[in-house]
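Novice: What follows is a structure written as structure tokens; I'll ask about it next.
Residue numbers (my numbering), protein chains in the order written: chain W, 134 to 283; chain U, 17 to 432.
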């Protein structure tokens, strides 16, 4: 049960139930779909990028608790950040969920992302957690095709 | 329910004894005893199958059909012996009708690319059902695209049953083949194939049955059914992966062009002309999966020794027991409630994604499949992204069902 609780932390369960930024962004200038065909996770990510800054971000769609909480927390974390900062967060997150982070980053630096530390113990779920992040990166690169974590 | 199971035990079906035959069942997963409920994906193997494969590679390994030496003759005998066991198991008329393939998927592809290529023309139709596995959809789509033919789909009811009136309306002079599953891997529905075959045959339309999910649960007699093709996968019926069977009526196989070219499927080859081999070898190019065929033969020996009457009563009562137990769980909805079902319970839990259900159950040592079960059109039919699926085999017990139900309660407790 302890590993399960490490995966499904309260913050993840909360964001799954009450996802933040869960809406269509009317004035978005980047819209990208993310799809995980293995489990059917499917999200649309809306970004408003002004100059170098993600001034607003939101998402819609459906999927498992891990992917939905990941999208919710990601949108909360990257809102207002520059592209370079978001890219750095992407890399940190990716290393976190694949268990490659090591001891270089403190919990404080991770902030809310720390909730996903338990994912690395569940290899089948890494794709769920990283789907929204891959989708965001694609949006920042101004790509429009659907992102797949297959 | 309980008494039904005990009756089956009294009649000579002893599930605990059966469990001892399957070494993989006896292990711990995440510190809990394994509860293996993913049998529709693949079944575990009895020791006799493992022994047969081991024995072949340790002492019998040789190529078949060509050698004059002792080992080759032994291997040929054992491999062809397996073909005969399969013939008997399905009650086919002749071993000429038993073609070894990699699995049900390849069996369907073989029929699509030989029978289909020869018989199907622009404007023709292939009829499948709305509950097919992707393996009984995509080969026909490819064929239809190539030929300018049309794929027609028999609708299913909310319970997950083929609507026979609609089926009959779809049968026409344009229909070249009906290809349906015997038992649905996603819903568990046992289709009324005998009736469907009779309807198709009245119009002289041949019928292919996908039997991958049927043969592990009940006896199939291809001559009694009168189907024209029947495909199955060894690994879902307690045999090894990578081997399966295409049954085809001799008269139909006889007129079909070869599938793949190579060794073993020919009688003689010159650069000017090749004479193809007789049935069934014409469809078996190259060195086959000899160990797989022998392993499948051993699985059939194992199945033939069972009391099928007792087994079928036992499996029926286990499915009833599981259906009743899961139906009692608030927020849980069973997808697929056909009157005739075998081995499968697909379900969704309100507010919880099936993938999360699968992860929580896995931590309890319970193996279920979550996802679309390679049947995305079925998911679309019910407007759901995926389900969790518990699928049973002859070695599963009521205690395991109880653990599944306890696991489901844990899921609801976490996400409730």
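Glycine included, C-beta positions come from ideal geometry on N, C-alpha and C.
Could you check whether residue 352/U and residue 203/U sit closer than 8 Å to each other, using their CB atoms as the reference points?
Specialist: In this structure, residue 352/U lies closer than 8 Å to residue 203/U by Cβ.
Novice: Considering residue 193/W, what are the terminal residues of the beta strand (DSSP E) in which it resides?
Specialist: 186 to 195 is the extent of the beta strand (DSSP E) around residue 193/W.
Novice: Classify residue 219/U: buried if its beta carbon has 16 or more other beta carbons within 10 angstroms, exposed otherwise.
Specialist: Exposed, since its Cβ has fewer than 16 Cβ neighbours within 10 Å.
Novice: Can you find at least 3 beta carbon pairs, one from the segment 107 to 126 of chain U and one from the segment 251 to 265 of chain U, that sit closer than 8 Å?
Specialist: Because the criterion of three Cβ pairs below 8 Å is met, the segment 107 to 126 of chain U and the segment 251 to 265 of chain U touch.
Novice: From which residue to which residue does the beta strand (DSSP E) around residue 223/W run?
Specialist: Residue 223/W -> not in any beta strand (DSSP E); alpha helix (DSSP H) instead, spanning 216 to 230.
Novice: Which first and last residues belong to the beta strand (DSSP E) in which residue 363/U is found?
Specialist: 360 to 365 is the extent of the beta strand (DSSP E) around residue 363/U.
Novice: For residue 44/U, is the classification buried or exposed, using 16 other Cβ atoms within 10 angstroms of its Cβ as the cut-off for buried?
Specialist: Its Cβ having fewer than 16 others within 10 Å, residue 44/U is exposed.
Novice: For residue 170/W, is the classification buried or exposed, using 16 other Cβ atoms within 10 angstroms of its Cβ as the cut-off for buried?
Specialist: With fewer than 16 Cβ atoms within 10 Å of its Cβ, residue 170/W is classed as exposed.
Novice: Helix, strand or coil for residue 24/U? Go by DSSP, reduced to three states.
Specialist: In this prediction, residue 24/U scores a pLDDT of 47, lower than 50, which makes its location untrustworthy; the coordinate-derived value is nonetheless stated afterwards. Residue state, collapsed to three classes: helix.
Novice: Between which residues of its own chain and residue 220/W is the CB-CB distance below 8 Å, once the five residues before and five after are set aside?
Specialist: Hits under 8 Å: 270, 273.
Novice: Residues of chain U with a CB under 7 Å from the CB of residue 141/W: which are they?
Specialist: 430, listed in chain order.
Novice: Going by C-alpha to C-alpha distance, which of 424/U, 213/U, 359/U, 320/U sits closest to residue 344/U?
Specialist: Closest by alpha carbon: 424/U.
Novice: Using only CA atoms, which one of 232/W, 248/W, 164/W, 261/W lies nearest to residue 138/W?
Specialist: That would be 248/W, whose Cα lies nearest to the Cα of residue 138/W.
Novice: Pull up the CB-CB distance for residue 384/U and residue 426/U, whole angstroms please, since I reckon it's below 8 Å.
Specialist: Actually they are not in contact, since the Cβ atoms of residue 384/U and residue 426/U sit about 13 Å apart, beyond 8 Å.
Novice: From what residue to what residue does the alpha helix (DSSP H) around residue 174/W run?
Specialist: From DSSP, residue 174/W is part of no alpha helix (DSSP H) but of the beta strand (DSSP E) over 174 to 183.
Novice: Go to residue 245/U, then tell me how far its alpha helix (DSSP H) extends in each direction, as first and last residue.
Specialist: Where residue 245/U is concerned, there is no enclosing alpha helix (DSSP H), although the beta strand (DSSP E) it sits in stretches over 245 to 249.
Novice: Which first and last residues belong to the beta strand (DSSP E) in which residue 153/W is found?
Specialist: Neither: residue 153/W is in no beta strand (DSSP E) and is coded neither H nor E.
Novice: Any residues in the segment 359 to 376 of chain U with a beta carbon nearer than 7 Å to a beta carbon of chain W? Which ones, in chain order?
Specialist: Under the 7 Å Cβ criterion, the segment 359 to 376 of chain U contributes 369, 371, 372, 375, 376.
Novice: State the DSSP-derived secondary structure class of residue 116/U, mapped to helix, strand or coil.
Specialist: If DSSP states are grouped into helix, strand and coil, residue 116/U belongs with the strands.
Novice: To the nearest angstrom, report how far apart residue 192/U and residue 98/U are at their CA atoms.
Specialist: If you take the alpha carbons of residue 192/U and residue 98/U, they lie about 32 Å apart.
Novice: Ignoring anything shorter than 3 residues or poking outside the segment 345 to 405 of chain U, list the beta strand (DSSP E) runs there in chain order.
Specialist: Whole beta strand (DSSP E) segments, 3+ residues: 348 to 351, 360 to 365, 385 to 387.
Novice: Could you compute how far the alpha carbon of residue 26/U sits from the alpha carbon of residue 235/U?
Specialist: For residue 26/U, the pLDDT reaches just 47, beneath the cut-off of 50, and the residue's location in the model is therefore unreliable, although a value from the coordinates is still provided. If I take the Cα positions, the gap works out to 21 Å.
Novice: Would you kindly work out how many angstroms separate the C-alpha atoms of residue 218/W and residue 403/U, rounded to a whole number?
Specialist: For residue 218/W and residue 403/U, the distance between alpha carbons rounds to 38 Å.
Novice: Counting C-beta neighbours from all protein chains within 10 Å, is the total for residue 386/U 16 or more, i.e. buried, or is it exposed?
Specialist: Burial call: buried.
Novice: My guess is that residue 38/U and residue 323/U are in contact by the Cβ rule of under 8 Å, so how many angstroms apart are they, rounded?
Specialist: Not quite, the Cβ-Cβ distance comes to about 17 Å (not below 8 Å), so this is no contact.
Novice: Please state whether DSSP places residue 136/U in a helix, a strand or coil.
Specialist: Residue 136/U: coil per DSSP, three-state reduction.
Novice: What does the alpha-carbon distance come out to for the pair residue 68/U and residue 310/U?
Specialist: Approximately 7 Å, taken between the alpha carbons.
Novice: Please identify, using Cβ separations under 8 Å, the residues of the segment 379 to 393 of chain U that lie next to chain W, in order along the chain.
Specialist: Those residues of the segment 379 to 393 of chain U that come within reach of chain W (Cβ to Cβ, closer than 8 Å) are 379, 386, 387, 388.
Novice: Which residues in chain U have a C-beta closer than 9 Å to the C-beta of residue 195/W? List them in chain order.
Specialist: By Cβ distance, chain U contributes 369, 401.
Novice: By the three-class DSSP mapping on this structure, what secondary structure does residue 163/W have?
Specialist: Residue 163/W: strand per DSSP, three-state reduction.
Novice: Does residue 153/U come out as helix, strand or coil in the three-state DSSP assignment?
Specialist: Coil.
Novice: Could you check which residue in 239/W, 228/W, 165/W, 259/W has the C-alpha nearest to that of residue 345/W?
Specialist: Residue 345/W lies beyond the range of chain W shown here (134 to 283); nothing can be said about it.
Novice: Which residue marks the beginning of the beta strand (DSSP E) containing residue 239/W, and which one marks its end?
Specialist: Where residue 239/W is concerned, there is no enclosing beta strand (DSSP E), given that its DSSP letter is neither H nor E.
Novice: So within the segment 263 to 345 of chain U, which uninterrupted alpha helix (DSSP H) runs reach at least 4 residues, ignoring any that extend past its ends?
Specialist: 266 to 271, 306 to 320, 324 to 343, all fully within the segment 263 to 345 of chain U.
Novice: Would you kindly check if the distance between the Cβ of residue 265/W and the Cβ of residue 155/W is under 8 Å?
Specialist: No, Cβ-Cβ distance for residue 155/W and residue 265/W is not below 8 Å.
Novice: Looking at C-beta atoms only, is the number of pairs between the segment 330 to 337 of chain U and the segment 307 to 321 of chain U that lie closer than 8 Å three or more?
Specialist: As far as the Cβ criterion goes, the segment 330 to 337 of chain U does not touch the segment 307 to 321 of chain U, which means the pair count is below three.
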